[in-house]
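Q: Pasting a structure here, questions to come.
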Amino acid sequence: MPRSLATPALIQEFSTQGFAIIPQLYTPAEIAALLHCIESAPAAGPNFRRSQDVFAIRNLVGEIPELLPLLNTPNLREVLADLFPAGCHLTKAIYFDKPAGSNWLVAWHQDLMINVVQRADQPGFGPWTAKAGWVAVQPPVTILENTVTLRLHLDDCDATNGALKVVPGSHRQGVVPPEAIASQAATPSMCAVPAGGGMLMKPLLLHASSRSTSARPRRVIHLEFSGEELPAGLA
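First residue of the sequence shown? That's 3 in the numbering used here, and the numbers climb one at a time after it.
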């Protein structure tokens, strides 16, 4: 029987450190098919953001539904079944392209907001924000703790082309006050991931990325999964 990608040791590392890397989650052929699908799509509309430093597509599988069967591989289903034995659903999908030589960096932060269809005030949910047709809210910590981010790398990624820096274990601190982030981020770890590799990450993990100093792009599909159900009025 093939060895599980999400081994007990990897799941334990993910729980303790807040991140873990699966080096060969997608095959080269699967990555090529994903890239062809993205590059063939018409890049128009408010969910497409393009500049010399970044190209991003929000609501990725809504904008390019042909991606969904390409993403939904046996390896992905196996990993999700190990992480969510009771089942889960996709809650967010974004494509990020940091082009060669990009001057774009991302400061230290946690991923605290979720997208919802419409505002419905509920205890523990807030603050709220709305832009470009999207409504987002900060949910209770329990929902963030039971959300898993999967960053699928479409290129080899290291310190020269914008690999993530993380603070291991910081996801266990809950929501970190902005004034405390700098002191917690003093000893980061660099997360190099090969093309086809997946990086599992807790949304509450402190993370950042630097400017690119390489001629290589850094293209990533960011997927968030949750097994949580939101209260009535929120979806």
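Where a beta carbon is used, it is the ideal one built from N, C-alpha and C, also for glycine.
1. Does DSSP put Gly-64 in a helix, in a strand, or in coil?
2. Buried or exposed for Val-168, going by 16 or more other Cβ atoms inside 10 Å?
3. Does the Cβ-Cβ distance between Leu-207 and Phe-86 come in under 9 Å?
4. Would you mind reading off the limits of the beta strand (DSSP E) that contains Glu-231?
5. According to DSSP, simplified to helix, strand and coil, what is Asp-99?
6. Given a threshold of 16 other Cβ atoms within 10 Å of its Cβ, counted over all protein chains shown, does Leu-225 qualify as buried or as exposed?
7. Excluding sequence positions up to five away, which residues of its chain have a Cβ less than 6 Å from the Cβ of Gly-176?
8. Beta-carbon within less than 7 Å of Ala-88's beta-carbon, same chain only, minus the 5 sequence neighbours each way: which residues are those?
9. Based on DSSP bridge pairs, tell me the residues matched to Ile-24.
10. For Met-3, I'd like the list of residues in its chain whose CB is within less than 8 Å of its CB, leaving aside the five on either flank, ordered along the chain.
11. Report all residues from its chain with a CB closer than 8 Å to the CB of Glu-80; omit the five preceding and five following residues, and keep chain order.
A: Considering the structure as presented:
1. Gly-64 falls in the helix class under three-state DSSP.
2. With 16 or more other Cβ atoms inside 10 Å of its own Cβ, Val-168 counts as buried.
3. The Cβ atoms of Leu-207 and Phe-86 do not sit closer than 9 Å to each other.
4. Membership of Glu-231 in any beta strand (DSSP E) is not indicated, and neither H nor E is assigned to it by DSSP.
5. It is a strand residue.
6. When all chains shown are included, Leu-225 counts as buried.
7. Answer for Gly-176: Val-143, listed in chain order.
8. Correct list, in chain order: Gly-229.
9. Partner(s): Gly-200.
10. Note on Met-3: pLDDT 39, under 50, position unreliable in the model; the coordinate value appears next. Exclusion of the five residues before and after Met-3 leaves no residue of its chain whose Cβ lies closer than 8 Å to its Cβ.
11. Here the set comprises Ser-6, Leu-7 and Ala-8.
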